[in-house]
Amino acid sequence: MSSFGSSLIVPSVQELVKKEITEIPDRYIRTSCSSIGLDHETTHSDSAAHSIPIINIERLLSRESILADEELEKLHSACKDWGFFQVVDHGVSTSTIEKIKLEIHNFFELPLDEKKKLWQKPGDHEGFGQLFVVSDEQKLDWSDMFYITMLPTIMRKPHLFAGMSLPLRYICSLVLSMPSKHLQWPASSGRS
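For any residue, its number in our numbering is found by taking its place in the sequence shown, counting from 1, and adding 327.
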């Protein structure tokens, strides 16, 4: 099994907050936009540069090549320049989205003892923690995250997958199968 790198283990932000800290630790304070990967040109140009990219799935999957190509270019740019984007016209119902949000909320509210079973291990990047922490001086995000490889299933870490509630496992599997279905790829191909 190949590895995609590792991340240093850092304290849980939720646990820091529970300690009722009186000031934010220096590692979480950023003094400039450059520390989060934004260059001067991006931060001081037109207001569109400050808007989270929006990707329209209907356009992306359109049979009209011009629409699909335009949206694909927006997707490429969002991934390259931002690292994330908002998705619209995806066909997922509001009730399903609310269920996803509830399951994720419940997952992050697990007791610390349960979370520790799913915490990142030294030399790995999957589990509760933060990604891309490579030094003890590095600025950190004021957030906790949970990272798990879902596809291809051969790379899935069973102890992490089993630590997720059944509804959350089902939702993750369902969401990951959607792009495969629309793009006519086998769901287990790992391309989604």
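Even for Gly, the Cβ is constructed at its ideal location relative to N, Cα and C.
{"query": "Beta-carbon proximity of Val461 to Ser334, cut-off 9 Å", "result": "yes"}
{"query": "For Met472, three-class secondary structure by DSSP", "result": "strand"}
{"query": "C-beta contact flag for Ile381 and Gly418 at 9 Å", "result": "no"}
{"query": "Contained alpha helix (DSSP H) runs [length at least 4] in the segment 402-438, N- to C-terminal order", "result": "421-435"}
{"query": "Candidates Glu398, Ser422, Lys426 and Phe473, of which the one nearest Val414 by Cα", "result": "Glu398"}
{"query": "Met472, buried or exposed, once every other Cβ within 10 Å from all chains shown has been counted against 16", "result": "exposed"}
{"query": "For Cys406 and His377, the rounded distance between their alpha carbons", "result": "15 Å"}
{"query": "Host alpha helix (DSSP H) of Ile384 (start-end)", "result": "Ile384 to Leu387"}
{"query": "Spatially closest choice to Trp409 from Phe455, Lys448 and Ile379, by CA coordinates", "result": "Ile379"}
{"query": "Residue nearest to Gly332 in terms of C-alpha spacing, selected from Phe459, Ile431, Gly490 and Lys484", "result": "Phe459"}
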